[in-house]
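Chains as they are written, first to last, in our numbering: chain A, 70 to 79; chain B, 5 to 216.
C-beta atoms are modelled at their ideal positions from N, C-alpha and C, and glycine is treated no differently.
Values in this document were obtained by computation on a predicted structure and should not be read as measured data.
Worksheet for the structure shown next.
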């Protein structure tokens, strides 16, 4: 799903 | 963003600030492994390649710039600043860290979530970060005793990914489809590598003396 696409963690 | 993630980022930020504080104020990098610092610079350089292409938040971009800037400036200080460079014990910091880079790259080419340039390098940075502390831990064992600032630096650096693990557990239970085995296993291995250090750090901390 798209959530896993954006690397929102550091 | 949950409290574990924020605590993890703040702990990570504190670790680089402690190290920069030590190097910049007392002009010494005694007990610090340049090789670990070089590995971390590679970790951030390969993890944050998307810093200009994918915007997540001001916080995210700001922290990426802080980690990139601090890791490269620490390497610069230890390599080229004459006062600091003099305190670097090159004879003891001999862990063949380039032997860590290639296996991590091969592993990233084999095991990744998507086979794209950015994703493979991002995965490589995860594997490399998991083992990046090894030269520092080996140096620590050789130099036996270290000053408190270096001990605090290693403690905070080890703690941040542990807090990230709590963040992943929280997100797993609160967000549907949040499953990232590669990140989780790499983060777990990374944190477990500090177990030995944490054990001695707490023993000394309880004993009220420096870390030996």
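### Length of the line joining the Cα atoms of residue 156 of chain B and residue 16 of chain B
So the two alpha carbons sit approximately 11 Å from each other.
### Message
Could you check whether the region 122-135 of chain B touches the region 22-40 of chain B, counting it as contact only if at least three pairs of C-beta atoms, one from each stretch, sit closer than 8 Å?
### Response
The region 122-135 of chain B vs the region 22-40 of chain B: no contact.
### Message
Once the 5 residues before and after residue 91 of chain B are set aside, which same chain residues still bring their CB inside 8 Å of it?
### Response
Correct list, in chain order: 31, 32, 33 and 34.
### Query
Looking only at its own chain, which residues have a Cβ that is under 8 Å from the Cβ of residue 187 of chain B, when we skip the five neighbours before and after it?
The answer, listed in chain order, is 130 and 172.
### Residues that residue 165 of chain B contacts on chain A, provided the C-beta gap is smaller than 7 Å
Residues of chain A with a Cβ closer than 7 Å to the Cβ of residue 165 of chain B do not exist; the shortest Cβ-Cβ separation is about 11 Å.
### Message
Give me the subset of the region 56-88 of chain B whose CB atoms are less than 9 Å from a CB atom of chain A, sorted by chain position.
### Response
From the region 56-88 of chain B, only 58, 60, 61, 64, 67, 68 and 71 have a Cβ closer than 9 Å to chain A.
### Task
Report the three-state DSSP secondary structure of residue 6 of chain B (helix, strand or coil).
Secondary structure at residue 6 of chain B: coil, using DSSP grouped into helix, strand and coil.
### Task
Tell me where the alpha helix (DSSP H) around residue 52 of chain B begins and ends.
No alpha helix (DSSP H) contains residue 52 of chain B, which DSSP labels as neither H nor E.
#### Entry: Contact set between residue 126 of chain B and chain A, taken where Cβ atoms lie within less than 9 Å
By Cβ distance, chain A contributes 76.
### Query
At which residue ranges does the region 33-97 of chain B contain complete alpha helix (DSSP H) runs of 4 or more residues, listed in the order of the chain?
List check, alpha helix (DSSP H) in window: 38-51, 62-84 and 86-90.
### Task
Quick one: list the residues of chain A neighbouring residue 13 of chain B, beta-carbon separation under 8 Å, in chain order.
What residue 13 of chain B touches in chain A: 79.
### Message
Ignoring anything shorter than 4 residues, give me the alpha helix (DSSP H) runs that lie fully in the region 113-170 of chain B, in order along the chain.
### Response
Within the region 113-170 of chain B, the complete alpha helix (DSSP H) runs of at least 4 residues fall at 121-135 and 138-147.
### Query
Assuming residue 154 of chain B and residue 26 of chain B make a contact with CB atoms under 8 Å, what is their CB distance in whole Å?
Their Cβ separation, rounded to whole angstroms, is 7 Å, which keeps residue 154 of chain B and residue 26 of chain B in contact under 8 Å.
### Query
What does a CB cutoff of less than 6 Å around residue 55 of chain B pick up in its chain, not counting 5 residues either side in sequence?
The beta carbon of residue 55 of chain B lies closer than 6 Å to those of 68 in the same chain, with the five residues before and after it left out.
### Message
Please return the same chain residues whose Cβ sits closer than 6 Å to the Cβ of residue 139 of chain B, not counting the five positions on each side in sequence.
### Response
Once the five neighbours on either side are set aside, the close Cβ partners of residue 139 of chain B are 37, 39, 40, 99 and 101.
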